[in-house]
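Reminder that position 55 of the sequence shown reads as 55 in our numbering, one-by-one numbering, no gaps.
Glycine is no exception: its CB is placed at the ideal position from the N, C-alpha and C atoms.
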Amino acid sequence: MIAQLTADQREALLLTQLLGLSYADAAAVCGCPVGTIRSRVARARDALLADTERDELTG
């Protein structure tokens, strides 16, 4: 599932959720604005939830 995310989404998600970096720290690592990190994490979560829901429906 995570492999299906874009590289940017995967990086933002892993930095903030797995490594525990703040959005500001993740933004500094990635060299982008904090809002971009927030968007990438939100889109990654949405994609993962959609995959999970689809898997539950199809069994």
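Distance between Leu18 and Leu57, taken at the CA atoms: about 27 Å.
When DSSP states are grouped into helix, strand and coil, Thr52 belongs to the helix group. Distance from the CA of Val29 to the CA of Leu5, rounded to the nearest whole angstrom, comes to 19 Å.
Rounded to the nearest angstrom, the Cβ distance from Ala12 to Arg45 is 10 Å, too far for a contact under 8 Å.
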